[in-house]
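Notes follow once the structure below has been shown.
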Amino acid sequence: MKAGATPAYALQGIRHRYGDRTVLEIDRLEIAAGRTLGVVGPSGAGKSTLLRLLQGLERPAEGEIRVDGELFPYPAPLALARRITTVFQRPAMLDRSVRDNVTFGLRLRGKAEEPVVDALLERLGLAPLARADARKLSGGETQRVALARALAVEPDVLLLDEPAANLDPAHVALVEALIRDVQARGTTIVLVTHNTHEARRLAHETLLLLDGKMVEAAPTAAFFESPTNARTRAFLAGELVY
Amino acid sequence: MMRTGTVVACSAAAVLVAVAAGPIEPGRVAASSQQKVLRLATTTSTVDTGLLADILPDFQARCGCRVDVVAVGTGQAIELGKRGDADVLLVHSPEQEAAFMKEGHGIRRDDVMYNDFVIVGPTGDPAGVAKASSARDAFRSIARAAAAFASRGDRSGTHTKERAIWKSAGIDPAEEGPQRPSWYLSVGQGMGETLAFANEKQAYALADRATWTSMQGRLPSLRRLFGGGSGDENPDRDLRNQYSVIVIDQARHPGVKAALGLQFADWLLSKPTQARIAAFGRDSAGRSLFYADSDEYKATDRVRVESGGRSRTFTLGEIAKLRSTTLSGVEYIGVKKGRLGRHAWTGVSLTDLLLALDPGIASKSRSTSTIEVVSSDGWTASFTWHELFGSVSRGEGLYRAKGCNECHGLKAEGTRPEGKRPAPKLLGETYPVGDTTAMIRSGTAQHEGITAYTADRLSDADLAAILGWLARPNQAGTDDVFVVPPPRRIAMLAYERDGRPMTGRDGLIQLVVGFDEFASRYSHWVSEIRVRY
Amino acid sequence: MIDDSLRALGDPALLNIVFLTFRVTGLALVIATAIGVPVGAAVGLARFPGKRLVTLILYTGMGLPPVVVGLWVYMLLSRSGALGSLAWLFTPAAMVLAQTIIAFPLVAALTMSAVEGVDPELRLQVRALGATRRQSSWIVLREARIGLTAAIVAAFGGIISEVGAVMLVGGNIEGHTRVLTTAIVLSTRQGDFGLAMALGTVLLLLALGANAFLLQLQGRAR
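Protein chains in written order, with our numbering: chain E, 1 to 242; chain Z, 243 to 775; chain P, 776 to 997.
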């Protein structure tokens, strides 16, 4: 844990719209530093939108986001922006080799290639693919490269959007083990997933989004074992069909 | 990745810049920015024939400058001149040039050279152009046969000439709109392209002889159908293609290099350059492509006089030693050059010159004899024996004084001059006074294209006297003698004008005839005098 | 035909013409690229009111007849024109100016569409990985390099083969502003079709070489 430097998010009165459509409505949400927040909900619930706001790629139409108690400035100053990184649901690869993609964030920061790159490639089973064209990978391989690329810059905040969606079971275990290591380093993580089991395994707190609205947020154990909201119960029971 | 990207981008840019700017010989750039540059806008034919490439190096060496030749149609060349984008023009469209000078864009315009236009067409000649007596006739038969005709259509000198011929033929196929006949094909391109087009389309075309001669070998389906085998043989003088040099006015267009332009014009008109122009093409094409035509080229400083087996060449110095005569206060209406004006001329009278050759010549009086004064450009002026040594009837005197002789001949015998419409014999013919007066006064019917003889130029009484002489040439009464006022009773070779010797540009030895009103027997460049008995 | 080609190639004047062709076209291409790529990238990446209008103008500019550009440049550089005092008319500089104007919309519009063709998600990803604005633009351009090469190649092809503008503003002055295309026009006008064809072949070969070079650069940029 990087003491005192770890950001914590505080969201207040957030309303985000695309055109006339309100896609996200969060009255109040705090993300504790060094903790992992699982965000669950069906497709189109606003999970990815929330990540874009937290990354600072979009500015909420209403409300405020505070990082470490300070208002999130737009555009975010480079120093702040570089503490946060996102792994997108459909990770876009640069038209270069796997290794160059993983090194990319370090290069942006003008840093030399650190041993961390090789370690990540090794850890995620990507070493044999290091020189391969990153655009010609399978969905699962792409997802692992994207994760390696994000972790290479050792962010204080890691925003993960369905990081295990396309992975086979063996690699899911690999990735989850890696995420646990990152958690152990004190990194704040927001994990968006449609897979409630994944949230249950990794998240300290869990949040349900339905239709862009925050339905319930609670410590993970409480969220899954004794949800207070009827819609959460229905969601967990698989009764909500979208 | 930033590094390799930048390296690649930089090397790409560097290579492009190197390609763009690299291999210039450094001296050349430096030289060209300091060197004086004369910009010559000219018609395509002077370039396409290779003439300028042949003569320009001499000028560039003399002026220590570079001549940038912009070869475009005459219309565009004149436009460049009007905008001050050229220093000198070498073009061939007298009408456009005259307008250009009138608008005050040029400080000087001089004849440089000429060649002529020919009419070419398909070997089969479906319109029968080969049988035509004039260009206008030829165009009429093309229109009658509705045979394909390829027009430059680009306002070049050739196009302007073509339009003028159509106009004189009373046809306007170039008229805009649906009336334009389908056989008239306006190509809108240069001479070479138009000839190539005519070759493919089996079309007739008007071409300058120089371009035609140089391209002929590559145009198998075309033949010259009208215009004769050389400029001298061209039966229609209207097909003359006159090139002039114009120096653009610096006062009107600041930035124009008028001094250099004048130097160029002087060089172009000088005798050595003119000789080179005259010789150009003799080796490659077998004949000259242009006829040198500057005043200086034509000016001579000696006159050969020949009479009854005797001949002698008089130099200018020798002529000046003979008894001099002056002629002053005579105002000429210059029908040809338009610049005679009112001057005092000093020179030797033709009679004194002939007497210097043969002191007994006056006694050899023969009414049928003529005296021919030949110019270096081939132009000939003739006098009857009696004009110089005796007296003529009033009608006969007026006939020549008013310039009738120019077309109809010295003795009204009728002429078929090369390149001109034939003029009928008038002597011995009786013409109705009324109809003839109307025709001559208006310049219509058979006199179409001839200056209108208005009443102030030719009174009814004088016309009647001329017609009387034509009807009865041998009945001149003593009271009917043509009386010329004494100061004008002279034909002379002048070598001074207003007390000053004349320059090569003026013509060193000029023929000035006091008893002609219209200067029809005038010449800048007398080179020979022959008496024909 | 073969004789004519040999005759053309053996002529020292040809070297001059080829060299000037490359000098004028190369310089115009460098300038048009230096301005066109940033403008095209900016229009392609940014969102601003009037973007559609700018796009429309750039696309229309791609179709500008060179002779019209030539006419504009002529009027501008003529002694009685706005920039007459530069005395650029009938010099290689005028030709470079005209060709730059012809090449610019080609470079800018094709750069714009190449940049717009880059996955928008990639741009977000690059930013999320901590790229500055400049880094992000540069990376997008690199990702669009095939389209960029196409833009430069198209512009190169457009101006090296162009005759209307260089004829008008250059004047086809021998040894000074005569380039391959105007030399071809001249020999065509003189009826020397053989020489014209030979010069055309020379032009084609040079274009082939130049494009091979540009493609080589694209390949190396990977």
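All C-beta atoms, glycine included, are put in the ideal place defined by N, C-alpha and C.
Quantities reported herein were computed from a predicted structural model and do not represent experimental measurements.
Which residues in the same chain have their Cβ closer than 6 Å to the Cβ of residue i, if we skip the five residues on either side of it in sequence?
{"i": "P/Thr956", "result": "Val938"}
{"i": "E/Phe224", "result": "Arg200"}
{"i": "P/Gly819", "result": "Met887, Val890, Glu891"}
{"i": "Z/Ala328", "result": "Arg281, Ala283, Leu322"}
{"i": "Z/His532", "result": "Note that residue 532 of chain Z is Phe in the sequence shown, not His. Excluding residues within five positions, the ones whose Cβ falls inside 6 Å are Met355, Asn357, Ile519."}
In the DSSP assignment, what residue or residues form a beta bridge with residue i?
{"i": "Z/Ala449", "result": "Z/Val360"}
{"i": "E/Ser226", "result": "Looking at the DSSP assignment, E/Ser226 forms no beta bridge with any residue, so it has no partner."}
{"i": "Z/Gln752", "result": "Z/Ala736"}
{"i": "Z/Glu538", "result": "None, per the DSSP bridge assignment."}
{"i": "E/Glu30", "result": "E/Ala10"}
{"i": "Z/Pro743", "result": "Z/Glu738"}
{"i": "Z/Met355", "result": "Z/Tyr485, Z/Ala534"}
{"i": "E/His16", "result": "E/Leu24"}
{"i": "Z/Glu638", "result": "Answer by DSSP bridge pairing: none, since Z/Glu638 is not bridged."}
Tell me which same chain residues have a C-beta within less than 8 Å of the C-beta of residue i, skipping the five on either side of it?
{"i": "Z/Asp748", "result": "Asp537, Ala541, Arg739, His766"}
{"i": "Z/Gly269", "result": "Unreliable placement is indicated for Z/Gly269, whose pLDDT of 33 sits below 50; the coordinate value is still reported in the next sentence. No residues qualify anywhere along the chain."}
{"i": "E/Gly19", "result": "none"}
{"i": "Z/Asp801", "result": "The question about residue 801 of chain Z has no answer, for chain Z in this structure spans 243 to 775."}
Would you identify the three-state DSSP class for residue i, choosing helix, strand or coil?
{"i": "E/His197", "result": "helix"}
{"i": "Z/Leu564", "result": "coil"}
{"i": "Z/Thr555", "result": "strand"}
{"i": "Z/His401", "result": "helix"}
{"i": "Z/Ala313", "result": "strand"}
{"i": "Z/Gly589", "result": "strand"}
{"i": "Z/Cys646", "result": "coil"}
{"i": "E/Leu71", "result": "strand"}
{"i": "P/Arg909", "result": "helix"}
{"i": "Z/Tyr426", "result": "strand"}
{"i": "Z/Ile771", "result": "strand"}
Apply the 10 Å Cβ neighbour rule to residue i and answer buried if 16 or more other Cβ atoms are within range, or exposed otherwise.
{"i": "Z/Thr515", "result": "buried"}
{"i": "Z/Arg529", "result": "exposed"}
{"i": "P/Pro867", "result": "buried"}
{"i": "Z/Phe757", "result": "buried"}
{"i": "Z/Arg524", "result": "exposed"}
{"i": "P/Val843", "result": "exposed"}
{"i": "Z/Pro265", "result": "Interpretation of Z/Pro265 is limited by its pLDDT of 37, a score under 50 that renders its predicted location unreliable; the figure taken from the coordinates is listed afterwards. Result: exposed."}
{"i": "Z/Ser635", "result": "buried"}
{"i": "E/Lys47", "result": "buried"}
{"i": "E/Ala79", "result": "exposed"}
{"i": "Z/Gln338", "result": "buried"}
{"i": "Z/Gly346", "result": "exposed"}
{"i": "P/Asp786", "result": "exposed"}
{"i": "Z/Thr610", "result": "exposed"}
{"i": "P/Arg920", "result": "buried"}
{"i": "Z/Gly800", "result": "This structure gives no information on residue 800 of chain Z, because the portion of chain Z shown stretches from 243 to 775."}
{"i": "P/Pro880", "result": "buried"}
{"i": "P/Ala857", "result": "exposed"}
{"i": "Z/Lys403", "result": "buried"}
Excluding the 5 residues preceding and the 5 following residue i in the sequence, name in chain order all residues of the same chain whose CB lies nearer than 7 Å to its CB.
{"i": "Z/Gln444", "result": "Pro364, Ala390, Ser463"}
{"i": "Z/Val271", "result": "Residue confidence is low: Z/Val271 scores 39 on pLDDT, short of 50, so the model does not pin down where it sits. Its coordinate-derived value is still stated next. If we look at Z/Val271 and ignore the five residues flanking it on each side, it has no Cβ neighbours."}
{"i": "Z/Val802", "result": "Because chain Z in this structure spans residues 243 to 775, residue 802 of chain Z falls outside the shown range and cannot be described."}
{"i": "Z/Ile603", "result": "Ser549, Leu596, Leu597"}
Less than 7 Å between the CB of residue i and some heavy atom of the ligand SAH, yes or no?
{"i": "P/Ala973", "result": "Absence of the ligand SAH from the depicted structure is noted, as is the absence of any ligand whatsoever, leaving it without description."}
Inset, instruction - Please confirm if the region 679-686 of chain Z is in contact with the region 609-627 of chain Z, defined as three or more CB-CB distances below 8 Å between the two stretches. - result: no
Inset, instruction - Mind the definition here: the region 824-837 of chain P touches the region 905-925 of chain P only if three or more C-beta pairs lie below 8 Å; say whether that holds. - result: Short answer: they don't touch.
Inset, instruction - Assess, as a yes-or-no matter, whether the region 921-930 of chain P is touched by the region 979-989 of chain P under the definition of 3 or more beta carbon pairs within less than 8 Å. - result: Output reads yes: the region 921-930 of chain P touches the region 979-989 of chain P.
Inset, instruction - Indicate whether the contact test is met: 3 or more Cβ pairs, each with one atom in the region 556-573 of chain Z and one in the region 593-602 of chain Z, closer than 8 Å. - result: yes
Legend entry - At least three beta-carbon pairs within less than 8 Å, the region 389-409 of chain Z to the region 421-441 of chain Z: yes
Legend entry - Three-pair Cβ contact test at 8 Å for the region 834-842 of chain P versus the region 298-310 of chain Z: Touching, no, given that fewer than three Cβ pairs across the two stretches are closer than 8 Å.
Legend entry - contact_flag[the region 133-145 of chain E, the region 79-98 of chain E] where n(CB pairs < 8 Å) is 3 or more: yes
Legend entry - Stretch-stretch touch, CB-based, cutoff 8 Å, three pairs: the region 35-42 of chain E with the region 173-189 of chain E: yes
Legend entry - contact_flag[the region 344-359 of chain Z, the region 476-487 of chain Z] where n(CB pairs < 8 Å) is 3 or more: yes
Inset, instruction - Could you tell me whether the region 424-434 of chain Z touches the region 473-482 of chain Z, where touching means 3 or more Cβ pairs closer than 8 Å? - result: no
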